[in-house]
Amino acid sequence: MSGQLIINGIVNASLIAPPAIAFSLLFGILRFPNFAIGAYVTVGAFIAYALNVGAGMPMWIAGLGAMAGTAVVVWLSDVLVFKPMRGHTPVTLLVVSIALALIIEHIIRLFYGADVRGFDLPLERPIKFAGLRITGEQIDIIVMTIVIGIAIHLLLQYTRIGKAMRATADNETLAEVRGINTSYVIAFTWFICGALFGLTGVFAGLDLVIEPLVGWYLTIPIFAAAILGGIGSPYGAMLGALLVGLAEELTVLVLPSSYKIGVGFVIIAVLLLIRPHGLLGQPEIKK
Amino acid sequence: MAEDLLEAENVCVGYGRGDIVHGVDVSVSAGRIATIIGPNGAGKSTMIKTIAGVLTRREGSIRIDGREIGGKPASEIARCGVAYVPQEANVFRQLTVTENLQMGSWIEPKEFDARYEKVCALFPILKERAKVRAGNLSGGQRQMVAFGMALMVEPKVLLLDEPSAGLSPAMVEQMFDIIKQVNKTGIAVLMVEQNAMQALKISDHGYVMAAGQVAMSAPASELLDSSEVSELYLGTRQ
Numbered sequence: 025m026s027g028q029l030i031i032n033g034i035v036n037a038s039l040i041a042p043p044a045i046a047f048s049l050l051f052g053i054l055r056f057p058n059f060a061i062g063a064y065v066t067v068g069a070f071i072a073y074a075l076n077v078g079a080g081m082p083m084w085i086a087g088l089g090a091m092a093g094t095a096v097v098v099w100l101s102d103v104l105v106f107k108p109m110r111g112h113t114p115v116t117l118l119v120v121s122i123a124l125a126l127i128i129e130h131i132i133r134l135f136y137g138a139d140v141r142g143f144d145l146p147l148e149r150p151i152k153f154a155g156l157r158i159t160g161e162q163i164d165i166i167v168m169t170i171v172i173g174i175a176i177h178l179l180l181q182y183t184r185i186g187k188a189m190r191a192t193a194d195n196e197t198l199a200e201v202r203g204i205n206t207s208y209v210i211a212f213t214w215f216i217c218g219a220l221f222g223l224t225g226v227f228a229g230l231d232l233v234i235e236p237l238v239g240w241y242l243t244i245p246i247f248a249a250a251i252l253g254g255i256g257s258p259y260g261a262m263l264g265a266l267l268v269g270l271a272e273e274l275t276v277l278v279l280p281s282s283y284k285i286g287v288g289f290v291i292i293a294v295l296l297l298i299r300p301h302g303l304l305g306q307p308e309i310k311k
Numbered sequence: 015m016a017e018d019l020l021e022a023e024n025v026c027v028g029y030g031r032g033d034i035v036h037g038v039d040v041s042v043s044a045g046r047i048a049t050i051i052g053p054n055g056a057g058k059s060t061m062i063k064t065i066a067g068v069l070t071r072r073e074g075s076i077r078i079d080g081r082e083i084g085g086k087p088a089s090e091i092a093r094c095g096v097a098y099v100p101q102e103a104n105v106f107r108q109l110t111v112t113e114n115l116q117m118g119s120w121i122e123p124k125e126f127d128a129r130y131e132k133v134c135a136l137f138p139i140l141k142e143r144a145k146v147r148a149g150n151l152s153g154g155q156r157q158m159v160a161f162g163m164a165l166m167v168e169p170k171v172l173l174l175d176e177p178s179a180g181l182s183p184a185m186v187e188q189m190f191d192i193i194k195q196v197n198k199t200g201i202a203v204l205m206v207e208q209n210a211m212q213a214l215k216i217s218d219h220g221y222v223m224a225a226g227q228v229a230m231s232a233p234a235s236e237l238l239d240s241s242e243v244s245e246l247y248l249g250t251r252q
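Here's what the structure looks like:
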């Protein structure tokens with residue numbers, strides 16, 4: 025029983041990890057919690073749905089298309105909404121991002137209604153091993169999340185643009201003074217994060233269902249993972265996702281499963297009380 | 015007349031509505047050091063930030079090597095050979111010391127190895143603490159990272175905002191020695207300093223700024239001898 029819960033938890037964590045990394049990267053540069061991330065995930069799910077079911081493309085092409093399409097949508101949300109508002113307080117931007125999330129959600133409803141949908145995939149039996157079940161799609165999600173985690177690590181640590189991303193997140197003025205074109209770096213960060221949100225939409229469509237609120241349900245666990253790991257720290261976000269993913273599933277042992285959705289909130293609340301900079305984050309040192 | 019490497023003419027700049035700097039002229043030629051002194055709020059840091067492009071001038075002309083840079087973004091001004099060291103937040107705290115130095119040679123990454131050896135010869139501590147995050151260093155060591163990063167640019171013009179701030183007296187001396195040493199290689203240095211006396215001693219020229227204007231511009235030795243300057247700004251009486 026609990027072995028199955030751990031498997032479910034790992035799948036759950038793999039779903040949360042890429043958007044938590046993306047949320048963390050965006051927060052590092054923009055310094056406000058972007059509540060539109062759930063809507064971005066939904067956009068990814070519906071682009072993949074349109075390509076897979078609407079246009080009849082194979083799932084992997086639909087997935088890549090969703091990543092590219094969501095990257096563009098997410099980047100446009102910066103160009104049209106957040107960039108003109110840069111310099112406003114984080115609270116203002118937070119409210120703006122909630123408004124943006126509602127607008128995106130309703131645009132999707134306009135085209136697709138509120139129906140629950142799924143991808144057009146051949147039915148497969150779950151793989152059974154020692155009484156545990158896992159589907160082929162869930163294995164794909166876990167493997168791809170691990171690959172993404174490693175890729176993001178390599179990007180940030182060893183590539184020129186990755187170092188520029190870290191430098192810009194750390195001290196934008198100084199990065200600019202040293203010759204880094206920070207507006208280019210910020211646009212690139214939005215693109216990368218957009219692709220991660222798009223991919224999450226595909227994962228959500230595979231593991232959950234496709235509907236206009238699918239991303240919204242993931243928002244709180246994503247926030248919890250990013251805050252738990254230490255906001256602004258992509259490695260922390262990976263660790264946070266694993267812990268939140270497992271915690272959500274394992275509470276089923278002691279509480280009815282309808283309380284699962286509250287786990288993220290509890291983690292956020294407790295953490296903000298005892299360790300506001302998260303597990304791997306650096307506390308702000310004031311001189 | 016030889017063209018000055020850095021020439022700022024009639025620069026006006028401010029935050030929000032009002033101007034903080036009203037029509038300031040500053041110039042430095044290659045291999046010379048100029049220092050701006052003056053009371054707090056005189057607009058010294060604002061002036062140096064404007065030359066670096068962190069703030070944008072409202073009026074006036076700023077030229078490097080005869081090329082107009084006024085109004086350009088900071089990243090482009092950096093590419094004209096200007097290295098600015100802010101007074102605060104002058105290192106990337108989350109990056110290691112070596113990564114900070116890499117950011118210094120961002121524009122010319124191929125030059126990193128050669129410049130790294132030169133800079134570490136000036137500040138051996140940067141090599142010892144290569145893998146430490148800059149945010150975990152002491153204030154003095156951070157100042158060396160900041161200065162080392164600027165030298166990694168191999169700039170034509172070095173802009174320093176309070177290079178001695180937060181340093182122990184012995185390190186202040188060392189810092190000024192290094193500025194002098196670097197300057198001898200032909201770099202034009204413009205700095206803002208509270209430590210006016212020591213700064214003027216290594217400078218060729220001095221500006222006294224007050225209320226957003228240049229109140230006095232004279233060779234550094236003259237300012238050091240002037241009784242008015244020493245009473246008002248150097249804290250010494252004759």
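Chains as they are written, first to last, in this note's numbering: chain A, 25 to 311; chain B, 15 to 252. A virtual CB, placed ideally from N, CA and C, is assigned to each residue, including glycine.
At a cut-off of 9 Å, the C-beta of VAL201/A has a neighbouring C-beta in chain B. Boundaries of the alpha helix (DSSP H) around ASN114/B: 111-118. At a cut-off of 9 Å between beta-carbon atoms, MET158/B makes no contact with chain A. Annotation for PRO43/A: no beta strand (DSSP E) segment contains it, though the alpha helix (DSSP H) segment containing it runs 26-54. The beta carbon of TYR130/B sits no closer than 9 Å to any beta carbon of chain A.
In this structure, the CA atom of ARG93/B is about 6 Å from the CA atom of GLY203/A. Taken atom to atom, the span from the alpha-carbon of PRO43/A to that of ARG77/B is near 46 Å. Spanning the alpha carbons of LEU118/A and ARG110/A requires a straight line of approximately 12 Å. In this structure ALA265/A does not touch VAL287/A by the C-beta definition: roughly 13 Å separates them, more than the 8 Å allowed. The region 226-289 of chain A contains no complete beta strand (DSSP E) run of 3 or more residues. In this structure ARG71/B is buried. Its beta-carbon is surrounded by 16 or more other beta-carbon atoms within 10 angstroms. Counting along the chain, the unbroken beta strand (DSSP E) around CYS26/B starts and ends at 20-27. Pairwise C-beta distances place the region 230-247 of chain A in contact with the region 136-154 of chain A, as three or more of them are shorter than 8 Å. Here the region 203-220 of chain A does not lie against the region 143-153 of chain B, with fewer than 3 beta-carbon pairs under 8 Å apart. Excluding residues up to 5 positions away in sequence, LYS58, VAL206, TYR221 and MET223 lie with their Cβ nearer than 6 Å to the Cβ of ILE50/B in the same chain. Going by beta carbons, GLY74/B and GLU17/B fall outside the 9 Å limit. Residue pairing from DSSP places ARG141/A in a beta bridge opposite ILE234/A. The beta carbon of PHE212/A sits closer than 8 Å to the beta carbons of ILE185 and MET189 from its chain, once the five residues preceding and following it are set aside; these are given in chain order. Scanning its chain for C-beta atoms nearer than 6 Å, with the 5 sequence neighbours on each side dropped, one finds around GLY222/A the residues GLY68, ALA90, MET91 and THR94, in chain order. In summary, no residue of the region 49-70 of chain A has a CB separated from any CB of chain B by less than 8 Å. Collapsing the DSSP output to three states places LYS124/B in a helix. DSSP places PRO114/A in the uninterrupted alpha helix (DSSP H) bounded by 114-136. By the neighbour-count criterion, in which 16 or more other beta carbons inside 10 Å mark a residue as buried, GLN116/B falls on the buried side. With a threshold of 9 Å between beta carbons, GLN227/B makes no contact with chain A. Comparing alpha-carbon positions, the option among ASP127/B, ALA56/B, ILE62/B and GLY118/B lying closest to ALA22/B turns out to be ILE62/B.
Ranked by Cα distance from GLY95/B, the options LYS194/B, THR110/B, VAL203/B and GLY154/B are led by VAL203/B.
Inclusion of ALA191/A and PHE106/B in the CB contact set at 9 Å is warranted, their separation being smaller than that value. Close to chain A, meaning a Cβ-Cβ distance shorter than 8 Å, are the following residues of the region 113-128 of chain B: GLU113, GLN116, MET117, GLY118, TRP120, ILE121 and PRO123. In the three-state reduction of the DSSP assignment, VAL96/A falls in the helix class.
Annotation for LEU50/A: ASN58 and CYS217 place their beta carbon closer than 6 Å to its own, counting only its chain and skipping 5 residues before and after. Residue pairing by DSSP places ALA232/B opposite GLY220/B in a beta bridge.
No Cβ-Cβ contact shorter than 9 Å links TYR29/B with ALA66/B.
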